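Okay, structure first, notes after.
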Amino acid sequence: MSTFSGLNTALSGLNAARTGLNTTGQNLTNVNTAGYTRQRAEFAALGTPARGALNDLGIKVGQGVGVSGISRLGDAFLDARVRTSFSVAGYTGARADALNSIEKTLNEPGPNGISSQLQGFWTSWQGVANTPGDAASSAVLLEKSATLLQSIASGYKALDGQWSQTRSNANTVVQDINGTAAQLASLNKSIRTAAASGTPSNELIDQRDALTAKIANLTGGTVRDLPDGTNEILLGGNVLLSGSTANELKLSGATKMADGGTVQLEWAHRPGSAVDLDGGKLAGLLSVLKPAEAAGSGGMIAQTAASYNTMAAKLASTVNPIYQGGVAPDKTTGKDFFEFKAGVPAALGLTVVPKDAGSIQVGAPGAGGKDGSIAADISQLGTGKDSPDAVWSDTVVRLGVEIQTGLQQAVLADVSLTNAVASQQSNASVDIDEENVNLLAYQHAYQAAARVMTAIDEALDVLINQTGRVGR
0 MSTFSGLNTA LSGLNAARTG LNTTGQNLTN VNTAGYTRQR AEFAALGTPA RGALNDLGIK
60 VGQGVGVSGI SRLGDAFLDA RVRTSFSVAG YTGARADALN SIEKTLNEPG PNGISSQLQG
120 FWTSWQGVAN TPGDAASSAV LLEKSATLLQ SIASGYKALD GQWSQTRSNA NTVVQDINGT
180 AAQLASLNKS IRTAAASGTP SNELIDQRDA LTAKIANLTG GTVRDLPDGT NEILLGGNVL
240 LSGSTANELK LSGATKMADG GTVQLEWAHR PGSAVDLDGG KLAGLLSVLK PAEAAGSGGM
300 IAQTAASYNT MAAKLASTVN PIYQGGVAPD KTTGKDFFEF KAGVPAALGL TVVPKDAGSI
360 QVGAPGAGGK DGSIAADISQ LGTGKDSPDA VWSDTVVRLG VEIQTGLQQA VLADVSLTNA
420 VASQQSNASV DIDEENVNLL AYQHAYQAAA RVMTAIDEAL DVLINQTGRV GR
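Numbering (numbering that gives the first Met the number 0), first residue to last: 0 to 471.
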């Protein structure tokens, strides 16, 4: 080994220490950068050169240190756990938002709820029974009836508006997914180019991981790494993204709740081909947009709206048969108290037939104008096991259980996500104390390598400039 090779050894130490300082500086300057994963300079000792006839001078040491790479200290398992937690949190969060909105439309329990208004409705019939033909009590009945029907219609309209807004939100999420997938395709292309040229791409991978976590939150997609440094995202086993190629999604199907159809996620390049989702916000939105089903297992918005229709129909079918047998002060008989407008949902089309006290059929036929027995019978309809009150109470209890369960699931999913992110950050985030220790270590290493170079330089100076001067 040449004497001059000691300079190369010292130089390799300087280069290694400088790389370590630069890496530590990169970590410290990004200590507050969201999504940044700390890095570490990797070193490897350079071996002894092969012996030859000219340099076979005995035992030799290595040639110094080389920088083998800049490692990104992420954990694939923790990253996957975070994506899974984002997927669950996105799904439960979307459903929890829908449940919160439904809960607000119910107004139960409370004076503005249908349960309270039903009690007022039956009580007003008792008032008419006590004073048949009285304009004041009849006006109260008509006012209570109108208020009850308005509440039923308002509840249905609120759900119809919520369905349309949720449909619009789902479409926005699909556009966001398409845009994010396009960004990921561009990043994959840059990462592949960097890998081919031997350039570190840690920062690009950080950006990609943040976007894949976003995709997981929106769609619950499965992420797989590819050999060329890129990755792919699968939705229900089908490719959303592979390398630098992304496939677009679109929504099709029902655009109004009244359509009664299904809102379907499809591939833009394969119309009619449904896309299955494993979780995520979009899956949660699509689940609440499902049409109502007779078994009660449909989407929560349409299913709750169907409960308002059922309530309206039950109210009419309970009151009308008894009311039809009554006689009004103006001799009107055989009419319905409630009727439905054609072509609209029952909750919106339910109306009151009589318009004044004289046309309300409150007495039994032949009992005289002061009889209120029919009104008295109707006032007791709210106490039966199959009464409108019981039907609505069952609806409220069922919705209350679903809302409580859905909100609790969302809370648990958020806790799980928080724990997953904390575990990921404890491994990947920058520790200032650790980096300061590294900074001092690399600084001392740099100074030591510089001292080695200085010592060798001084030795060479003596060898070159002083050799042969003795005895002159």
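No residue lacks a Cβ here, since even glycine has one placed at the ideal position from N, Cα and C. Source: prediction; values computed, not measured.
Could you tell me whether the stretch 387 to 396 touches the stretch 295 to 315, where touching means 3 or more Cβ pairs closer than 8 Å?
-> yes
If you draw a straight line from the C-alpha of A198 to the C-alpha of S100, how long is it?
-> Checking the sequence shown, residue 198 turns out to be Thr, not Ala. Rounded to whole angstroms, T198 to S100 spans 51 Å at the Cα level.
Going by C-alpha distance, which of G365, A346, K334 is nearest K354?
-> K334
Got a sec, what are the start and stop residues for the beta strand (DSSP E) V262 sits in?
-> 262 to 266
Put M452 into one of helix, strand or coil per three-state DSSP.
-> helix
Apart from the five residues on each side of it in sequence, which residues of its chain come closer than 7 Å, Cβ to Cβ, to I455?
-> G5, L6, A9
Inside the stretch 366 to 397 only - beta strand (DSSP E) runs reaching at least 3 residues = none
D432: buried (16+ other C-beta within 10 angstroms of its C-beta) or exposed?
-> exposed
Going by CA-CA distance only, name the one from T221, V361, A257, A447 that's closest to V87.
-> T221
For L77, the nearest candidate out of G297, S296, A212, V395 (CA to CA) = A212
Identity of the residue in H443, A245, S241, G235 nearest L264 by Cα | G235
Is the distance from the Cβ of T218 to the Cβ of L288 below 8 Å?
-> no
Using 8 Å as the Cβ pair cut-off and three pairs as the minimum, do the stretch 333 to 352 and the stretch 399 to 408 touch?
-> no
Simplified DSSP assignment, three categories, for G224 = Looking at the sequence itself, residue 224 is Asp, so the reference to Gly does not match. Strand at D224.
Put S4 into one of helix, strand or coil per three-state DSSP.
-> helix
Please check the pair G68 and G46, which I expect to be a contact at CB under 8 Å, by giving their CB distance rounded to whole angstroms.
-> Contact doesn't hold; Cβ gap of about 18 Å is too wide.
At a cut of 8 Å, does the stretch 225 to 234 reach the stretch 97 to 112 through at least three beta carbon pairs?
-> no
Short Cβ contact (8 Å threshold) for R37 with L13 | no
Going by other Cβ atoms of all chains shown within 10 Å of its Cβ, with 16 needed for buried, is P270 buried or exposed?
-> exposed
Once you ignore the five residues that flank K369 on each side, which residues in its own chain have a CB closer than 8 Å to its CB?
-> P131, G132, G362
Kindly indicate the opening and closing residues of the beta strand (DSSP E) around F42.
-> 38 to 45
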